[in-house]
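Structure, as structure tokens:
Numbering (this note's numbering), first residue to last: 3 to 693.
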């Protein structure tokens, strides 16, 4: 087998130079193995009769002495771990400005490398015949380290080594694990945390991290092994899984309290799948009699909730469940909600007819790509199968260079479609649509009202997105047509902070605090010297900012622009796939089909603009907004006109989702937060100009 460290990257000459020996010649450098976010790992030869090889991990000493001592204490704690599936830690020492950990050199492939080398038949054989032994080995070593009071905190396929023949494993690259015996709530924020699909939400939020973060990651590893060797979704929901659905879903619950209590409980549940020589595809628990239930309806995309379960499922549905009373709620936009119940005492199939209350409209224009107001929604032509209430629909066209056009018509309920072709002679009408400020393009946005947040029946919604409520944006304004690019950032700040390089890519890895400095500089350029717009808004003086100054949009202004006059889940409708935005295309939304995952940012304007002429409001990078974070801000305290949360808190809000997220995180209503000092390779911003 190829000997490869999981962090392997091309050799760094800068790293190798001058790093030939350690501990006064006891360890002599052989080769550089790899670089992680905060450490380097190299292969050394230990001087002596055996000339044995060791792997040495090098980390920069924290500037704080107490933190540095804590590092050494925790590293030495790892030396006490003795298990067949762990590398021996031979020594821990400090030399110069660096900490070093000397470990046994293990000649195995990473799990990811091993799985990627399998052909289709071998992959199938692994899932059916070998997955059980591998996962039990992994559970064994995790149970052991937890029992010793140690967490791993960076479990992923790249940090698990495997012998492809024996299925022996070796767990590597602990995230300098915090002990949890004395205080399970403490987690050192001084270290750089891993952020990937196996990272528990509480690690990302740096809040109340315990050994249950490893349980979350175990669910992700099980998903990887049983679902085609792809990374798990960031926010899993049960009908996404084909195998081990109950286990994966329970492991990867957002709340740690809802996960398995420990690795042993997880092991017991896992073994249930193999009782009586059952295949893994069968359900996990059979304590009572279960029956097959099929549900379908005349609304092909209807969603349903069974027995008050929080997770929604789609139709047609085919599942096994325990007998007894079954409560069903079916709903779909365009139809009346149906609630019913029945007794399940045998295999059965249920068909429900929903009553339609909307129609579908298709509309084209000559020329195409003009903005049309359809009732209270703005859309760009052509549109297809747009939901319209069965009452009269009204069209208004105020396109620059054309006569104003009005029209009205009625649509029958159900799947009824009308087709209109609109063509009008050109006329001199001047409408202020776009301006350039400081080399950046801005779209002119008119004031208006919209419904902010998500309705309760929106699939995959979070409570923090509600209640849905009407908001008025009282003044016209300008919004940057694209996310701030790296060139635009450099022109002002003369720095290049981004992980992904490219003049026309969005700038990322900029914190809220970095943007505060950016705003001060760019506002000084246009004559507002000393203006700190963020502080002005935080002090409750949003309306007093001068015309022409730059600032961040508020959360309400951002969502108003994202929706662009549309009440659907996304500004493009109720579905999203990778042809419409940059995100992890393996996990589309609605009727979207699985597609590509770029796994990085892309140039702005790579996808279609929305009805307000704005690009990348869904995906590419998250966007910082002005507001402080409050999960309950919508519940009564939020003003109805020009709302902004100026009540000081520890976190700021960002919106829109990024290239690494699933489509459901890109929904117009989705909101998230973090500390103002956060820099991340999927987090940027765009500007707002006061008019």
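Yeah, the Cβ is synthetic: ideal placement off N, Cα and C, and Gly gets one too.
If you reduce the DSSP assignment to three classes, tell me which class residue 160 lands in. helix
What distance in whole Å lies between the Cβ atoms of residue 607 and residue 497, which are believed to be in contact at a cut-off of 8 Å? Not confirmed; about 23 Å, so no contact.
State the CB to CB distance for the pair residue 609 and residue 618, rounded to an integer number of angstroms; the pair is presumed to be in contact (CB under 8 Å). 7 Å
Could you pull the start and end residues of the beta strand (DSSP E) that residue 96 belongs to? 91-97
I'd like to check one pair, residue 322 with residue 331: are the Cβ atoms closer than 8 Å? no
Residue environment, residue 113, which counts as buried when at least 16 other CB atoms sit within 10 Å: buried
Assuming residue 476 and residue 467 make a contact with CB atoms under 8 Å, what is their CB distance in whole Å? Not quite, the Cβ-Cβ distance comes to about 23 Å (not below 8 Å), so this is no contact.
Express the C-alpha separation of residue 569 and residue 593 in angstroms, rounding to a whole number. 17 Å
Nearest-angstrom Cα distance between residue 282 and residue 268? Because the pLDDT of residue 282 is 41, which lies under 50, any placement of that residue in the model is unreliable, and the number read from its coordinates should be weighed accordingly. Their backbone Cα atoms lie some 15 Å apart in a straight line.
When DSSP labels each residue in this structure, what does residue 57 get in the three-state scheme? strand
Spatial distance of residue 31 from residue 45 (CA atoms): 6 Å
Can you find the residues in the same chain that come closer than 6 Å, C-beta to C-beta, to residue 329, ignoring five residues on each side of it along the sequence? 309, 343
Short Cβ contact (8 Å threshold) for residue 659 with residue 552: no
The stretch 667-684 contacting the stretch 522-534, beta-carbon criterion three pairs below 8 Å: no
Residue 478 and residue 693: beta carbons closer than 8 Å? yes
To the nearest angstrom, how far is it from the Cα of residue 470 to the Cα of residue 383? 28 Å
Do residue 624 and residue 540 have their CB atoms nearer than 8 Å? no
CB of residue 293 within 8 Å of CB of residue 325, strictly: yes
Is residue 484 helix, strand or coil when you go by DSSP? coil
Would residue 680 pass as a contact of residue 628 if the rule is Cβ separation under 8 Å? no
Since residue 155 and residue 57 should fall inside the 8 Å C-beta cutoff, what is the C-beta to C-beta distance between them, to a whole number of angstroms? Between residue 57 and residue 155 the Cβ distance is about 20 Å, and since that is not below 8 Å, they are no contact.
DSSP beta-bridge partners for residue 329? 343
Measuring straight from C-alpha to C-alpha, what distance separates residue 662 and residue 444? 27 Å
So who's on the other strand from residue 674, going by DSSP bridges? 656
For residue 161, which of 168, 151, 110 has the nearest alpha-carbon? 110
Exposed or buried, which one is residue 640 when buried takes at least 16 other CB atoms within 10 Å? buried
Decide if residue 148 is buried, meaning its Cβ has at least 16 other Cβ atoms within 10 Å, or exposed. buried
Return yes when the Cβ of residue 645 is within less than 8 Å of the Cβ of residue 558, no when it is not. yes
Neighbourhood of residue 301 by C-beta, 7 Å cutoff - its chain only, sequence neighbours within 5 removed: 334, 337, 356
Rounded to a whole number of angstroms, what is the C-alpha to C-alpha distance between residue 183 and residue 152? Note on residue 183: pLDDT 32, under 50, position unreliable in the model; the coordinate value appears next. Their backbone Cα atoms lie some 8 Å apart in a straight line.
Check this for me: beta carbons of residue 561 and residue 463, under 8 Å apart or not? no
Assign residue 638 to buried or exposed, taking buried as 16 or more other Cβ atoms, counted over all protein chains shown, within 10 Å of its Cβ. exposed
Can you list the alpha helix (DSSP H) stretches of 4 or more residues lying completely in the stretch 199-277, in chain order? 203-206, 214-228, 247-253, 265-274
Quick check on DSSP: helix, strand or coil for residue 115? helix
How far does the beta strand (DSSP E) with residue 29 in it extend, from its first residue to its last? 29-37
Thinking C-beta only, is residue 509 closer than 8 Å to residue 491? yes
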